[in-house]
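J.: Next up is a structure, given as structure tokens.
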Amino acid sequence: MMYQDYTGKPKPFLLGSYTKFCNFPLEKSNLEYNMYIPPIHNIEWRFAVDTTKSEETNNLKFSVFPTNQHNDCFYLVEMDVAVVIENLESSDYSIKAQGNYEFSAMKRKLVLEIPGYEKIIDRNQGFFDDKKDEKTFKIHFTMVVKSTNLCDSVKMLDFYNSDESLYDVEVNVWGHTMYLNKKLISLQSPTLAELVETKTIAYSDIPFGVIFEDIHDFFQVIHGVDLKLNATNIEAFLKLANHLKVPRITEYCKEQMVVGVSGMTTNQVIYLAEKWSLWDVVPRKVSAAKSLADLKSQKWDLEKLNDNVITQITRRIFELD
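Count along the sequence shown from 1, add 64, and you get the number used in our numbering.
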């Protein structure tokens, strides 16, 4: 099976996976989507759909590539990739492509040529709803990491198997057995330590809107694993940190907001900071710019920011000029 999740104990322990459904507008020729693959949090990934030459080749080009690795950086990632162009009328007519691929310093991009573009854009073939104003076809994309060898990768801890040198408590988390380090947890949150002491964490103990994957990754950071947060989980981390009174995790989120959060614009990061009353995020982010080029690279949308933020940016411009 191509897709695994954290709802049960992975067999073997999950190295990382990612799955996404996206809609590709027929009037577009090229779109890119950001993603992250746990546990490879320090590498940012992107996949792209390109139909620029599809009318000539009858192929749809699908590509996957890391976006923030230097050419001389040694790394190796082996993964299974599957792409499905969904047929809305019957899955039997969906167009599928899959394979096993390796990324390295020498091989930095996967490109799949998926045949059948003429069928996809044919209104009678069932790949898009002709009655809708925006006509899109649906893509189901899945990656499962089989092996990694990276200079800056993040190796997740295996909470599903007991290791006396790492863990000292067994906890039932939403019906799943996890092995944790109570001493490390106690240093950061007496509230969470008391919960762990009961050896059961129920749904009612966790704020609404948080999923099991978020709890799993939250415990990874609690145990010292340096995960890179993203648009899908940073607010869940803030909820957990606030609810369980873990100030170190709140600071961890703020640090990542200052650097930039994958999948979020600068303005979205600022709105999130204001929502959670993290008032030092803006001044820290602005002061992190050591030149006008740095400040510009932060990509502020000034027309959609409040006057207080604009004042801080303006002041920093004069300081750097």
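The beta carbon of each residue, even a glycine, is placed where N, CA and C say it ideally should be.
Taking the alpha helix (DSSP H) that Asp371 falls in, what are its first and last residues?
T.: Unbroken alpha helix (DSSP H) run through Asp371: 371-384.
J.: Tell me, to the nearest whole angstrom, how far the beta carbon of Ile184 is from that of Phe201; I am working on the premise that it is less than 8 Å.
T.: Right, their Cβ atoms sit about 5 Å apart.
J.: Could you name each continuous beta strand (DSSP E) segment of 3 residues or more that falls completely within the stretch 111-147, going from the start of the chain to the end?
T.: Here the runs fully enclosed are 123-130.
J.: Which whole runs of the alpha helix (DSSP H) in the stretch 288-372 are 4 residues long or more, in chain order?
T.: Whole alpha helix (DSSP H) segments, 4+ residues: 298-307, 311-323, 330-339, 345-351, 356-361.
J.: Taking the straight line between their C-alpha atoms, what separation do you get for Asn225 and Ser361?
T.: Each residue's alpha carbon lies about 44 Å from the other.
J.: If Lys303 sits next to Val260, beta carbons under 8 Å apart, how far is it from one beta carbon to the other, in whole angstroms?
T.: Not quite, the Cβ-Cβ distance comes to about 18 Å (not below 8 Å), so this is no contact.
J.: What does the Cβ neighbour count give for Thr115, buried or exposed, with the cut at 16 atoms within 10 Å?
T.: Thr115 is buried by the Cβ-count criterion.
J.: The beta strand (DSSP E) that contains Ser81, what's its start and end?
T.: Where Ser81 is concerned, the enclosing beta strand (DSSP E) stretches over 81-89.
J.: Going by the beta-carbon positions, is the gap between Asp278 and Asn306 smaller than 7 Å?
T.: Cβ distance not < 7 Å, so Asp278 and Asn306 don't count as in contact.
J.: When we look at the beta-carbon of Gly80 and count the other beta-carbons within 10 Å, is it buried (16 or more) or exposed?
T.: By the 10 Å Cβ count, Gly80 comes out buried.
J.: Is the beta carbon of His204 less than 7 Å from the beta carbon of Val148?
T.: Yes.
J.: Based on Cα-Cα distance, which residue from Thr330, Asn372, Leu342 lies nearest to Leu359?
T.: When only C-alpha atoms are compared, the closest one is Thr330.
J.: Report the option in Glu119, Leu366, Lys92, Glu120 whose CA atom is closest to the CA atom of Ala112.
T.: Selected option, being the one with the closest Cα: Lys92.
J.: Return the first residue and the last residue of the alpha helix (DSSP H) that Leu256 is part of.
T.: Note, Leu256: alpha helix (DSSP H), 254-261.
J.: Tell whether a beta-carbon distance below 7 Å holds between Glu108 and Thr83.
T.: Taking 7 Å as the Cβ cut-off, Glu108 and Thr83 do not qualify as a contacting pair.
J.: So, are the CB atoms of Tyr181 and Ser127 less than 7 Å apart?
T.: Not a contact, by the Cβ cut-off of 7 Å.
J.: Cα separation between Ile334 and Phe282?
T.: Using only the alpha carbons, I get a separation of about 22 Å.
J.: Tell me whether Lys196 sits in a helix, a strand or coil according to DSSP, three-state version.
T.: It is coil, neither helix nor strand.
J.: To the nearest angstrom, how far is the alpha carbon of Val346 from that of Ile286?
T.: Going by the C-alpha atoms only, they are around 25 Å apart.
J.: Please classify Val141: is it buried, with 16 or more other beta-carbons within 10 angstroms of its beta-carbon, or exposed?
T.: Burial call: buried.
J.: So is Thr206 buried or exposed if we call it buried at 16+ other beta carbons inside 10 Å?
T.: When all chains shown are included, Thr206 counts as buried.
J.: Quick one: what's got a C-beta closer than 7 Å to Ile249's C-beta in the same chain, skipping five residues either side?
T.: Taken in chain order, the residues that qualify are Leu256, Ala257, Val260, Ile286.
J.: Using CA atoms only, rank isn't needed, just tell me which of Gln162, Lys263, Glu367 is closest to Glu234.
T.: Comparing Cα positions, the closest option is Lys263.
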